[in-house]
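A.B. asks:
Number of protein chains: 2
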Amino acid sequence: MSLNFTHDPAARSWVETANDPACDFPVQNLPHGVFSCQGRDASGGVAIGDAILDLLALAKAGVISTEAHPVLEAAAEGSLNRFVAMGNQAASLLRGEIFRLLVLDGAGPNPVRADPQRFIVPSAQAMLHMPLRVGSFTDFMTSVHHVTAARKARPARELNENFLHLPVAYNSRASSIVPDGVAIVRPHGQVREASGQVVFRPTSQLDFELEFGALIGPGNPLGSRVGLDQTEDMLFGYVLVNDWSARDIQIWESRLGPFLGKSFATTISPWIVTAEALAPFRVAPVPRLPGQPAPLPYLDSARHRAAGALDIRLEARLSTRNMRQAGLPPERIVATNLLHCAWTLPQMTAHHTSNGCNLEAGDLLSSGTVSGPTDEEAACLFERTAGTLPLDLPGGEQRLWLEDEDELVITGRAERDGFASIGFGPCGARIAPAR
Amino acid sequence: MSLNFTHDPAARSWVETANDPACDFPVQNLPHGVFSCQGRDASGGVAIGDAILDLLALAKAGVISTEAHPVLEAAAEGSLNRFVAMGNQAASLLRGEIFRLLVLDGAGPNPVRADPQRFIVPSAQAMLHMPLRVGSFTDFMTSVHHVTAARKARPARELNENFLHLPVAYNSRASSIVPDGVAIVRPHGQVREASGQVVFRPTSQLDFELEFGALIGPGNPLGSRVGLDQTEDMLFGYVLVNDWSARDIQIWESRLGPFLGKSFATTISPWIVTAEALAPFRVAPVPRLPGQPAPLPYLDSARHRAAGALDIRLEARLSTRNMRQAGLPPERIVATNLLHCAWTLPQMTAHHTSNGCNLEAGDLLSSGTVSGPTDEEAACLFERTAGTLPLDLPGGEQRLWLEDEDELVITGRAERDGFASIGFGPCGARIAPAR
Numbered sequence: 203m204s205l206n207f208t209h210d211p212a213a214r215s216w217v218e219t220a221n222d223p224a225c226d227f228p229v230q231n232l233p234h235g236v237f238s239c240q241g242r243d244a245s246g247g248v249a250i251g252d253a254i255l256d257l258l259a260l261a262k263a264g265v266i267s268t269e270a271h272p273v274l275e276a277a278a279e280g281s282l283n284r285f286v287a288m289g290n291q292a293a294s295l296l297r298g299e300i301f302r303l304l305v306l307d308g309a310g311p312n313p314v315r316a317d318p319q320r321f322i323v324p325s326a327q328a329m330l331h332m333p334l335r336v337g338s339f340t341d342f343m344t345s346v347h348h349v350t351a352a353r354k355a356r357p358a359r360e361l362n363e364n365f366l367h368l369p370v371a372y373n374s375r376a377s378s379i380v381p382d383g384v385a386i387v388r389p390h391g392q393v394r395e396a397s398g399q400v401v402f403r404p405t406s407q408l409d410f411e412l413e414f415g416a417l418i419g420p421g422n423p424l425g426s427r428v429g430l431d432q433t434e435d436m437l438f439g440y441v442l443v444n445d446w447s448a449r450d451i452q453i454w455e456s457r458l459g460p461f462l463g464k465s466f467a468t469t470i471s472p473w474i475v476t477a478e479a480l481a482p483f484r485v486a487p488v489p490r491l492p493g494q495p496a497p498l499p500y501l502d503s504a505r506h507r508a509a510g511a512l513d514i515r516l517e518a519r520l521s522t523r524n525m526r527q528a529g530l531p532p533e534r535i536v537a538t539n540l541l542h543c544a545w546t547l548p549q550m551t552a553h554h555t556s557n558g559c560n561l562e563a564g565d566l567l568s569s570g571t572v573s574g575p576t577d578e579e580a581a582c583l584f585e586r587t588a589g590t591l592p593l594d595l596p597g598g599e600q601r602l603w604l605e606d607e608d609e610l611v612i613t614g615r616a617e618r619d620g621f622a623s624i625g626f627g628p629c630g631a632r633i634a635p636a637r
Numbered sequence: 203m204s205l206n207f208t209h210d211p212a213a214r215s216w217v218e219t220a221n222d223p224a225c226d227f228p229v230q231n232l233p234h235g236v237f238s239c240q241g242r243d244a245s246g247g248v249a250i251g252d253a254i255l256d257l258l259a260l261a262k263a264g265v266i267s268t269e270a271h272p273v274l275e276a277a278a279e280g281s282l283n284r285f286v287a288m289g290n291q292a293a294s295l296l297r298g299e300i301f302r303l304l305v306l307d308g309a310g311p312n313p314v315r316a317d318p319q320r321f322i323v324p325s326a327q328a329m330l331h332m333p334l335r336v337g338s339f340t341d342f343m344t345s346v347h348h349v350t351a352a353r354k355a356r357p358a359r360e361l362n363e364n365f366l367h368l369p370v371a372y373n374s375r376a377s378s379i380v381p382d383g384v385a386i387v388r389p390h391g392q393v394r395e396a397s398g399q400v401v402f403r404p405t406s407q408l409d410f411e412l413e414f415g416a417l418i419g420p421g422n423p424l425g426s427r428v429g430l431d432q433t434e435d436m437l438f439g440y441v442l443v444n445d446w447s448a449r450d451i452q453i454w455e456s457r458l459g460p461f462l463g464k465s466f467a468t469t470i471s472p473w474i475v476t477a478e479a480l481a482p483f484r485v486a487p488v489p490r491l492p493g494q495p496a497p498l499p500y501l502d503s504a505r506h507r508a509a510g511a512l513d514i515r516l517e518a519r520l521s522t523r524n525m526r527q528a529g530l531p532p533e534r535i536v537a538t539n540l541l542h543c544a545w546t547l548p549q550m551t552a553h554h555t556s557n558g559c560n561l562e563a564g565d566l567l568s569s570g571t572v573s574g575p576t577d578e579e580a581a582c583l584f585e586r587t588a589g590t591l592p593l594d595l596p597g598g599e600q601r602l603w604l605e606d607e608d609e610l611v612i613t614g615r616a617e618r619d620g621f622a623s624i625g626f627g628p629c630g631a632r633i634a635p636a637r
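These protein sequences, in sequence, are chains E and D. Take 203 as the starting number for the first sequence in our numbering and just add one per residue. Take 203 as the starting number for the second sequence in our numbering and just add one per residue.
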């Protein structure tokens, strides 16, 4: 995806809060989401600073070109499946026009700036929803550090040889995906106690997994394989993902991969950061592991190697009820980078369709736990504490696993010299007690 | 679900073909599906003999009670998600009225019998479609014989202890589910050859798995657990399932359960046989394995034990191109029974929601390979041939795995003394060469 005027690092918005360098949503980002305000049904919007551009109001006002109008109408709906199915070129057309309406020094008359009350909703007054219906959710496992570190807590096993040859994945559960802010109820499940007794009780090993997800735009017909270079047109945008995990349930049930140990909930950040917004943040070469053989041709191309992999800084912060009551800020417990993944999202997409499996608009493909080699890069508690080495928190508390009322928030930033840095907004939730 | 006049074994239909004892669709069955004819969009129908009752025509004619009319309208749509979400009671109401319109000796005037051309479509003129959109597809593994026999071909492993405590399952792929008759394209995939070389090529170990699936009617909200006795209201109906498998792809990729080795296609029989139609065919006690501990309370109840498990005879027949050219009939290669499963569909449903995972209308839960102890009860080639012991076919051919142009058809029948036996229609497909 080529760079254009919407990537201009000097551009500023007349929505002042968008110009704060720490803001996730400058005018160079323009992510799509779905929001509602009091008394209004959910509809589409674009985040700008601490506000939302109301696309339904924009569509009604008729201030967008005839060419972009059908795209705007789809992006203004209460679920963005139809919009993402239109693909990156359609989204780019709309992005260009929205950029011109929000940028400070746009040429010509600007009806949005002339009447902001009509088009701009303060984020504080809005509730964010799932941006679309996720039809299917596929979770990969692409960090060799995750696989290796996970073994500390288990009987030693060798790294499966296939890890170096393909992006390992499993089908996860789509129905229980929720957006940022929805409380996660501690799940019950069948577990085997250390005594050997099998019981049904709330999990005592609740964990998070910091991941990074891609949302599919146009899908592919069943029976068709998609070449690696063609996958770029299928990857519409990106969200942060927390793949909540109940380790005791997961370990006891596991025979055909994760099931109830994961399917109780997955949290995503509700703003879809488009592939175009992230275009400046791909760095070559694509990561390779020591001793990794050259990928088979269906997972390799000159264009893919030259385009590189996304460089996204990813963090997780934890706060406990005691910390909040003591006025302590959330503690950063993970700081990692998407570049730790051994496979890119285009490679994951090509692999996913390599058997003719059809992807559909709104499908979510996630990276798996984005762990690096150091302790702070361990992107889940299973790696960090191994269930035995407590994590120290401000105020004197410790954690092996998440406890009730803990709040875990994932954030992400794309940064590169010469470009405005952009973010994803929060992907967080509080743990509610078992029911 | 209690028995009523729609289960009367003496009832016959004025649609003559429904009275053939070998017919899958007597007046006691009345399964729901979606069909189209030349020049008409897909819409809902009910199978009767070798014909289909056109529910759209029925809805337009206004010959159904005011109470049942909204149910009929949902059942007449081109996708039955809304209909199944109405639940078993609504479906039962409609079933009673349709039974009266199709039975031979119904009381009062019968507008359908008076004008069959308007309401009855010969099956030969109709094309069957997916009856609904399957949102999520969960595949269980509930036959101990499948697990054990599968081991013949692999290094010996003990039966996972959890098998006796819970119905093991994984999330499968919903988007690639197709109805009976859609050709299955031999998938490509990454495999490791016996030489150790890793290559990308069409599978050479294409297999089927004979399974039995339940479609979810009303779902449950995220975070709610559904008690075993309440699952009965969620199980709307049943279909036959062929979980096509590419063993070489599956074995090499497997690390977090099945993925591309399965996701290229799954075939279902397109008629939804309702829970009410199958009510006579539950037999107590629920199967138990030798040495199996009593299920935990969330998987056990007096009502469930008394209701019993479904007794369904399941078969698979194979024909090769040579067999067809020689005029040889398809060869029965599997004859098994659903009672070989160690867990019932209500138990699978209770387990699935035990962590608060939300099921949705149209979700498919499948039994896993329904294998019994004998050779003919081995419900996939992996068990039958173990990749080394060829299966002999009429005409002198042999099979270790499925070959191009092979046609594999699964059928099922529910039979019990004192009741009209009912079936599911075919669940079959031909293997098309790799593209």
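We treat Cβ as the ideally placed atom computed from N, Cα and C, and that holds for glycine.
Hey, does Arg-457 (chain E) have any beta-carbon neighbour from chain D nearer than 8 Å?
C.D. replies: With 8 Å as the cut-off, Arg-457 (chain E) counts as an interface residue toward chain D.
A.B. asks: Thinking just about the alpha-carbon of each residue, which of D:Glu-269, D:Leu-257, D:Ala-261 and D:Arg-315 is nearest to the one in Ser-215 (chain D)?
C.D. replies: Of the candidates D:Glu-269, D:Leu-257, D:Ala-261 and D:Arg-315, the one whose C-alpha sits nearest the C-alpha of Ser-215 (chain D) is D:Arg-315.
A.B. asks: Roughly how many angstroms separate the alpha carbons of Phe-414 (chain D) and Gly-574 (chain D), rounded to a whole number?
C.D. replies: 14 Å
A.B. asks: Does chain D have any CB closer than 8 Å to the CB of Gly-558 (chain E)?
C.D. replies: For Gly-558 (chain E), the answer is yes, since a Cβ of chain D falls inside 8 Å of its Cβ.
A.B. asks: Can you pull out the residues from the stretch 379–392 of chain E whose beta carbon lies closer than 8 Å to at least one beta carbon of chain D?
C.D. replies: Val-380, Val-387, Pro-389, His-390, Gly-391 and Gln-392
A.B. asks: If you draw a straight line from the C-alpha of Arg-320 (chain E) to the C-alpha of Thr-538 (chain E), how long is it?
C.D. replies: Linking Arg-320 (chain E) to Thr-538 (chain E) through their CA atoms gives a straight-line distance of about 40 Å.
A.B. asks: Exposed or buried, which one is Lys-262 (chain D) when buried takes at least 16 other CB atoms within 10 Å?
C.D. replies: exposed
A.B. asks: Just checking my contact of Glu-585 (chain E) with Ala-351 (chain E) at CB under 8 Å: how many whole Å lie between their CB atoms?
C.D. replies: 4 Å
A.B. asks: In this structure, does DSSP put Ala-358 (chain D) in helix, strand or coil?
C.D. replies: Model confidence at Ala-358 (chain D) stands at a pLDDT of 45, short of 50, so the residue's coordinates are unreliable and nothing is read from them.
A.B. asks: Reducing DSSP to helix, strand and coil, say where Asp-445 (chain D) ends up.
C.D. replies: coil
A.B. asks: In the structure shown, what three-state DSSP assignment does Phe-621 (chain D) receive?
C.D. replies: coil
A.B. asks: Along the alpha helix (DSSP H) that carries Met-180 (chain D), what are the first and last residues, could you check?
C.D. replies: Shown here, chain D extends from 203 to 637; a query on residue 180 (chain D) therefore has no answer.
A.B. asks: Which residues in the same chain have their Cβ closer than 8 Å to the Cβ of Val-265 (chain D), if we skip the five residues on either side of it in sequence?
C.D. replies: Here Val-265 (chain D) has Leu-303, Pro-313 and Val-314 as same chain residues with Cβ atoms under 8 Å from its own Cβ, once five neighbours each way along the sequence are excluded.
A.B. asks: Can you give me, in chain order, the residues of the stretch 596–612 of chain E that have a beta carbon less than 8 Å from any beta carbon in chain D?
C.D. replies: Hits within the stretch: zero.
A.B. asks: I want to see whether chain E comes within less than 8 Å of Asn-422 (chain D), judged by CB atoms only; does it?
C.D. replies: no
A.B. asks: Counting only C-beta atoms, is Leu-368 (chain D) closer than 8 Å to chain E at any point?
C.D. replies: yes
A.B. asks: Going by DSSP, name the residue or residues bridged to Tyr-500 (chain D).
C.D. replies: Its beta-bridge partners do not exist; DSSP assigns none.
A.B. asks: Measure the alpha-carbon distance for Arg-457 (chain E) versus Val-349 (chain E) and round it to whole angstroms.
C.D. replies: 17 Å
A.B. asks: What do you reckon, are the CB atoms on Ser-569 (chain D) and Leu-540 (chain D) nearer than 8 Å?
C.D. replies: In this structure, Ser-569 (chain D) sits near Leu-540 (chain D), with a CB-CB distance shorter than 8 Å.
A.B. asks: Could you check how far apart the C-beta atoms of Asp-435 (chain E) and Gly-289 (chain E) are, in whole angstroms? I think they sit under 8 Å.
C.D. replies: 6 Å
A.B. asks: Taking all protein chains shown into account, decide if Pro-460 (chain E) is buried (16 or more other Cβ within 10 angstroms of its Cβ) or exposed.
C.D. replies: buried
A.B. asks: For Phe-342 (chain E), which residues does DSSP report across the bridge?
C.D. replies: E:Ala-371
A.B. asks: Please classify Asp-619 (chain D) as buried or exposed, where buried requires at least 16 neighbouring CB atoms within 10 angstroms.
C.D. replies: Looking at its Cβ environment, which holds fewer than 16 other Cβ atoms inside 10 Å, Asp-619 (chain D) is exposed.
A.B. asks: For Pro-318 (chain D), which option in D:Phe-301, D:Ile-254 and D:Ala-496 has the closest C-alpha, if you only look at C-alpha atoms?
C.D. replies: D:Ile-254
A.B. asks: Quick one: Cα of Leu-430 (chain D) to Cα of Met-550 (chain D), how far?
C.D. replies: 9 Å
A.B. asks: Need the endpoints of the alpha helix (DSSP H) that Gly-630 (chain D) sits in, please.
C.D. replies: Note, Gly-630 (chain D): premise wrong, no alpha helix (DSSP H); beta strand (DSSP E) at 629–634.
A.B. asks: Going by CA-CA distance only, name the one from D:Ala-496, D:Leu-424, D:Ala-616 and D:His-554 that's closest to Pro-369 (chain D).
C.D. replies: Closest by alpha carbon: D:His-554.
A.B. asks: Tell me where the alpha helix (DSSP H) around Gly-235 (chain D) begins and ends.
C.D. replies: Segment 234–238 is the beta strand (DSSP E) holding Gly-235 (chain D); no alpha helix (DSSP H) there.
A.B. asks: Our contact map puts Leu-282 (chain D) next to Val-236 (chain D) with C-beta atoms below 8 Å; I'd like the distance itself, whole angstroms only.
C.D. replies: Contact between Leu-282 (chain D) and Val-236 (chain D) holds: CB atoms are separated by about 6 Å, below the 8 Å threshold.
A.B. asks: Spell out whether any CB of chain E is found under 8 Å from the CB atom of Phe-466 (chain D).
C.D. replies: yes
A.B. asks: Near Ala-278 (chain D), what residues of its chain come up, given a Cβ to Cβ distance below 6 Å and the 5 sequence neighbours on each side ignored?
C.D. replies: Ser-245, Gly-246, Leu-257, Leu-258 and Ala-261
A.B. asks: Please determine, among D:Gln-432, D:Leu-334 and D:Asp-450, the residue with the shortest C-alpha to C-alpha distance to His-390 (chain D).
C.D. replies: D:Asp-450
A.B. asks: Rounding to the nearest angstrom, what Cα-Cα distance links Tyr-440 (chain E) and Glu-617 (chain E) in this structure?
C.D. replies: 15 Å
A.B. asks: Let me check understanding here. Comparing Cα to Cα, which of D:Asp-577, D:Phe-285, D:Ala-326 and D:Phe-207 lies closest to Ser-238 (chain D)?
C.D. replies: The shortest Cα separation from Ser-238 (chain D) among D:Asp-577, D:Phe-285, D:Ala-326 and D:Phe-207 belongs to D:Ala-326.
A.B. asks: By the 10 Å Cβ neighbour count, where 16 or more other Cβ atoms means buried, how is Val-229 (chain E) classified, buried or exposed?
C.D. replies: Burial call: buried.
A.B. asks: By Cβ distance below 7 Å, which residues in the same chain neighbour Val-488 (chain E) in space, the five residues on each side in sequence not counted?
C.D. replies: His-506, Arg-507, Gly-510, Ala-511 and Thr-546
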